[in-house]
Amino acid sequence: MNTLPPEIWMHIFSFACTDDGLTGRSLSLVSHYFYHLSLPYKYQSISIRRSDQLISLSRLIRSLRPAAKTTKYLYVRCPDTLLDVSDDEDDEDYLGSPMIVERSDDLVSNASSGDSDYEGELDAEEVMELQEDARALRLHDWEMMEESSEDEDEHGPQTSHSTGSYEKQMRYYDDRVLHALHTILSELSNTLLILSVHWSSFDSLLVEELLPPLPHLTELHLHRVFTSQDALEPESDKAAPLLFPQLQHLHLSGYLDQRTVPSSVCIQASCPRLSSLRVPKGIMSWVTLIYQSLDDV
1 MNTLPPEIWM HIFSFACTDD GLTGRSLSLV SHYFYHLSLP YKYQSISIRR
51 SDQLISLSRL IRSLRPAAKT TKYLYVRCPD TLLDVSDDED DEDYLGSPMI
101 VERSDDLVSN ASSGDSDYEG ELDAEEVMEL QEDARALRLH DWEMMEESSE
151 DEDEHGPQTS HSTGSYEKQM RYYDDRVLHA LHTILSELSN TLLILSVHWS
201 SFDSLLVEEL LPPLPHLTEL HLHRVFTSQD ALEPESDKAA PLLFPQLQHL
251 HLSGYLDQRT VPSSVCIQAS CPRLSSLRVP KGIMSWVTLI YQSLDDV
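Here UniProt numbering is used: position 179 in the sequence shown is 179, and no number is missing along the way.
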């Protein structure tokens, strides 16, 4: 392994670390040598499938050194926060699950005992950092429940069978998860290139309420649904702000922003460099208006 130049290893890592994030974390646990070489690719690609993972990731991202905040590809699937359970999937499929953390702990031990003849062992500081990563990604359900309970006692809604209380509770949890998403995207805005978001919330959200400005994003897949019984009505009389100045590919599904301003004006304002657009068949007239507007520019 030490016979190859580091540039070749780093080139290999850049292609290997395009999964849900497990490869990047595993490489950093192999040895002292691989730890440093793989650091720029450790979080290059991340997949989040549950809202509690999103909150855990926001804490981890804030704690990372700048050299490790190099995420280019991010997939986020956030189902209803109160229904966010894994009944039909094994926990080990999820980022940061106990199975993955135990496997990572084993790799830390192996890295301390193997390959030391030519690459060197991880020092104490690096082992502690890797274990901190594992702890940050572990999903402590009891801690989350305790934290939520304390927040609700002081600020949040009380559990009740009434419709009003249920709506307050849903909005409260939605706000917590949305704040976590904003934290992650803001921290990664300088490197993020491709983003896929499948978002379920109680109330509908304008695109600028869901996503912060991402200056280097080139591809966005956005699917939004909401579960309240309220009708989707115009929520703004302004066009969307400039959010994605480098965006070239946009795939939209679910509900669309409701504004008094024409959709063609909004799409042009938020992503002026757009070159391809995918939308559901039911809104082809909307697409025609957009391209007519772009042709006039």
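We put the CB at the ideal spot given by N, CA and C, even for glycine.
As the structure is a prediction and not an experimental result, all values here were calculated from the model.
Item checked: Top-ranked residue by Cα proximity to I55, from L185, F34, A239, H249 -> L185
Next item on the list: With DSSP collapsed to three states, give me the class of L250.
Entry: strand
Note to self: Restricting to Cα atoms, I'd like to know which of S204, L250, Q169, H36 is closest to W9.
What the structure shows: H36
Item checked: Between the CA atoms of L205 and S26 - distance to the nearest angstrom -> 37 angstroms
Next item on the list: Return the first residue and the last residue of the alpha helix (DSSP H) that R273 is part of.
Entry: Taken as a continuous stretch (DSSP letters only), R273 belongs to no alpha helix (DSSP H), as it is neither H nor E.
Margin query: For a quick check, are the C-beta atoms of K69 and T191 less than 8 angstroms apart?
Written below: yes
Checklist line | Residue burial classification, A240 (beta-carbon count within 10 angstroms, cutoff 16) | finding: buried
Notebook entry, point to check: Between K238, A67, P215, C271, which lies nearest to L193 when the distance is taken from Cα to Cα?
Noted result: P215
Note to self: Less than 8 angstroms between the C-beta atoms of P212 and P245, yes or no?
What the structure shows: no
Next item on the list: Locate the alpha helix (DSSP H) running through S201, then write down its first and last residues.
Entry: Premise fails: S201 lies in the beta strand (DSSP E), 194-201, not in any alpha helix (DSSP H).
Notebook entry, point to check: Is T238 buried or exposed, if buried means 16 or more other CB atoms sit within 10 Å of its CB?
Noted result: Looking at the sequence provided, one finds Lys at residue 238 rather than Thr. With fewer than 16 other Cβ atoms within 10 Å, it is exposed.
Item checked: Proximal residues to V207 (C-beta, below 8 angstroms), its chain only, five neighbours per side dropped -> L222, A240, L243, D257, S270
Check: So R77 is in the beta strand (DSSP E); what residue range does that whole segment cover?
Finding: 73-78
Notebook entry, point to check: Which first and last residues belong to the alpha helix (DSSP H) in which F13 is found?
Noted result: 6-16
Next item on the list: Have a look at A180, S63, P66, T71 and flag the residue whose alpha-carbon is nearest the alpha-carbon of C17.
Entry: T71
Next item on the list: Would you kindly check if the distance between the Cβ of S28 and the Cβ of S38 is under 8 angstroms?
Entry: yes
Margin query: Can you give me the C-alpha to C-alpha distance between S200 and H11, rounded to a whole angstrom?
Written below: 37 angstroms
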